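Start counting the sequence shown at 332; every next residue gets the next number (my numbering). Beta carbons are placed, not taken as given, at the ideal position from N, Cα and C, and that holds for glycine. Bear in mind that the values here come from a model prediction, so they are computed numbers and not experimental data.
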Amino acid sequence: MDVKVMKKKVLLGICGGIAAYKCCELVRLLKKAGHQVNVVMTQAATDFVSPTTFQALSGEPVLLDTHDAAGGNGMAHINLSRQTDVMLIAPASANTLAKIAHGMADNLLTTLVAARTCPLAVAPAMNVQMWNNPANQRNLALLRQDQIKILGPAVGEQACGETGSGRMLEAAELAELLADVWTLPVLAGKRVLITTGATFEAIDPVRGITNISSGQMGMALARACRAAGASVSLVYGQINTSVAAGLAYTEQAVSADSMLNAVERLLPQQDVFISVAAVADYKVKNRSVQKLKKQPGQAVPVIELTENADILATVAGRPDAPFCVGFAAESEHVLEHARAKRLKKGVPLLVANDVSQAMGKTTNQVILLDDEQETALPQMSKADTAAAIVERLAQLLP
Ligand SMILES: Cc1cc2nc3c(=O)[nH]c(=O)nc-3n(C[C@H](O)[C@H](O)[C@H](O)COP(=O)(O)O)c2cc1C
Numbered sequence: 332m333d334v335k336v337m338k339k340k341v342l343l344g345i346c347g348g349i350a351a352y353k354c355c356e357l358v359r360l361l362k363k364a365g366h367q368v369n370v371v372m373t374q375a376a377t378d379f380v381s382p383t384t385f386q387a388l389s390g391e392p393v394l395l396d397t398h399d400a401a402g403g404n405g406m407a408h409i410n411l412s413r414q415t416d417v418m419l420i421a422p423a424s425a426n427t428l429a430k431i432a433h434g435m436a437d438n439l440l441t442t443l444v445a446a447r448t449c450p451l452a453v454a455p456a457m458n459v460q461m462w463n464n465p466a467n468q469r470n471l472a473l474l475r476q477d478q479i480k481i482l483g484p485a486v487g488e489q490a491c492g493e494t495g496s497g498r499m500l501e502a503a504e505l506a507e508l509l510a511d512v513w514t515l516p517v518l519a520g521k522r523v524l525i526t527t528g529a530t531f532e533a534i535d536p537v538r539g540i541t542n543i544s545s546g547q548m549g550m551a552l553a554r555a556c557r558a559a560g561a562s563v564s565l566v567y568g569q570i571n572t573s574v575a576a577g578l579a580y581t582e583q584a585v586s587a588d589s590m591l592n593a594v595e596r597l598l599p600q601q602d603v604f605i606s607v608a609a610v611a612d613y614k615v616k617n618r619s620v621q622k623l624k625k626q627p628g629q630a631v632p633v634i635e636l637t638e639n640a641d642i643l644a645t646v647a648g649r650p651d652a653p654f655c656v657g658f659a660a661e662s663e664h665v666l667e668h669a670r671a672k673r674l675k676k677g678v679p680l681l682v683a684n685d686v687s688q689a690m691g692k693t694t695n696q697v698i699l700l701d702d703e704q705e706t707a708l709p710q711m712s713k714a715d716t717a718a719a720i721v722e723r724l725a726q727l728l729p
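Structure (structure tokens):
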């Protein structure tokens, strides 16, 4: 199985809008993720943030107009677009959106768009009335027809003091959603439900039994499924990571019972169920309504446990079960336990890992087990692991 190399050459076009300031953080995040970032600014954009700032942050010269010298033949509009994997315009002004919708090429940015061979995403940012303006909406419809991906905008308070649609997405969301632009849409049209994180079983109002799962692997899978075109619903317990952007639905459910309820409620619409959450096997039978107090001279309280339902086995055992993907986190004899678990729970694809290599860490090393093969993947980031799981999932789906 191929291991994806996700480092890309990103061409970031910046237009004249207040949200240009968010691009300082965006460039920093894209660089941190290992991408090369080349910035092209419109003349209006330079009124908002200095090119010097983007030059320092990107480590590359910032290009401003068609006649900037960018190589021997002086044709920056061709050279730059050929060396690029993906173009993002953020903030995309109403003016520039109108121009690219109609194929205009009157500055370096719009000329690069017209001459490009790579995918393009735009992150509009403008006042709510400009956003709702019929001409702007007509232009957006044209851009969608041309397979240009529109990221956002968000709804909220605007720099002008008005409230509504037109806020540019935050830098972290844009950095995350950009992966969708270059990922093959192998799960297009599929609906995927994912659980992630640790469950929490209350002992009393302030104490409980939980585990060290951070939710990162499930979150990486949510991102990978979304990037591959799926509509993703996510049910998460306690997590130590941020919730993925651009998901169809998210809900927090911290106890095993509430997680099962949420999953069963969402299940009828799903094609795939991926169970990543580290669900407690047991819950507290004698949960105290009041906070347990230390009683000097009295016996230590005894916590009685009772078994939780197995969410994955419950879902996989339903007559209308979606395609189920399970995780087996083992601390010893990983492969034998995983093989047995896959057969016992009736799960077509199982991801086995050694807990000591995965839980709470940013990397993972897994083996994928299905009816046809067992594939050992190298130790790699959870994002790369998730992309490899999605690739296999797409091959196995009917
Ligand atoms: C203070 C200020 C803020 C502006 N903010 C926006 C904005 O958020 N979105 C937008 O589409 N235009 C905004 N404009 C208008 C654009 O800067 C103007 O349409 C410009 O021609 C855009 O040029 P460009 O598309 O080449 O960058 C703003 C103008 C000013 C003076």
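Residue range of the beta strand (DSSP E) that VAL620 falls in? Taken as a continuous stretch (DSSP letters only), VAL620 belongs to no beta strand (DSSP E), as it is neither H nor E.
Look at LEU500 and LEU428 and say whether their C-beta atoms are less than 8 Å apart. no
In chain order, what residues of the same chain lie with their CB nearer than 6 Å to the CB of CYS601, ignoring the 5 residues before and after it? The residue you asked about is not Cys; residue 601 is Gln in the sequence shown. Result list for GLN601: ARG522, LEU524, PRO653, in chain order.
Can you tell me whether DSSP reads LYS363 as helix, strand or coil? helix
With a threshold of 8 Å on Cβ separation, who are the neighbours of LEU623 within its own chain once the five nearest residues in sequence on each side are excluded? ILE534, ASP535, ARG538, PRO632
3 or more residues per run - each beta strand (DSSP E) lying fully within the region 371-442: 417-423
Do ARG359 and LEU388 come within 8 Å of each other at the CB atom, strictly closer than that value? yes
Less than 8 Å between the C-beta atoms of GLY344 and LEU440, yes or no? yes
Determine contact between the region 650-667 and the region 678-686, defined as no fewer than three beta-carbon pairs at a distance below 8 Å. yes
Three-pair Cβ contact test at 8 Å for the region 336-356 versus the region 439-457: yes
Measure the CB-CB distance between GLN476 and PHE531 and report whether it falls below 8 Å. no
By how many angstroms is the C-alpha of THR716 removed from the C-alpha of ALA432? 37 Å
So which of GLN629, CYS556, VAL665, ILE420 has the shortest CA-CA distance to ALA502? ILE420
In the DSSP assignment, find the alpha helix (DSSP H) that holds GLN726 and state where it starts and stops. 713-727
Taking only the alpha-carbon atoms, compute the straight-line gap between GLY365 and THR541 and give it to the nearest angstrom. 34 Å
Could you pull the start and end residues of the beta strand (DSSP E) that LEU681 belongs to? 680-685
What is the residue span of the beta strand (DSSP E) that PRO455 lies within? 451-455
Heavy atom of ligand 1 less than 7 Å from the Cβ of GLY495, yes or no? no
Measuring only from the beta carbon, is ILE349 closer than 7 Å to any heavy atom that is part of ligand 1? yes
Measuring alpha carbon to alpha carbon, tell me which residue in LEU552, THR572, ALA519 is nearest SER544. THR572
According to the neighbour-count rule (16 or more other Cβ atoms, all chains shown, within 10 Å of its Cβ), is GLY628 buried or exposed? exposed
Just to confirm, is the Cβ distance from ALA669 to GLU661 under 8 Å? yes
For ASP702, count the other beta carbons within 10 Å of its own beta carbon; 16 or more makes it buried, fewer makes it exposed. Which is it? exposed
In chain order, what are the residue ranges of uninterrupted alpha helix (DSSP H) at least 4 long that sit wholly in the region 547-605? 547-558, 587-597
Segment limits, alpha helix (DSSP H) that includes ALA659: Where ALA659 is concerned, there is no enclosing alpha helix (DSSP H), although the beta strand (DSSP E) it sits in stretches over 654-661.
Pull the bridge partners of LEU524 from the DSSP assignment, please. SER564, PHE604
By Cβ distance below 6 Å, which residues in the same chain neighbour SER564 in space, the five residues on each side in sequence not counted? LEU524, ALA579, TYR580, LEU597
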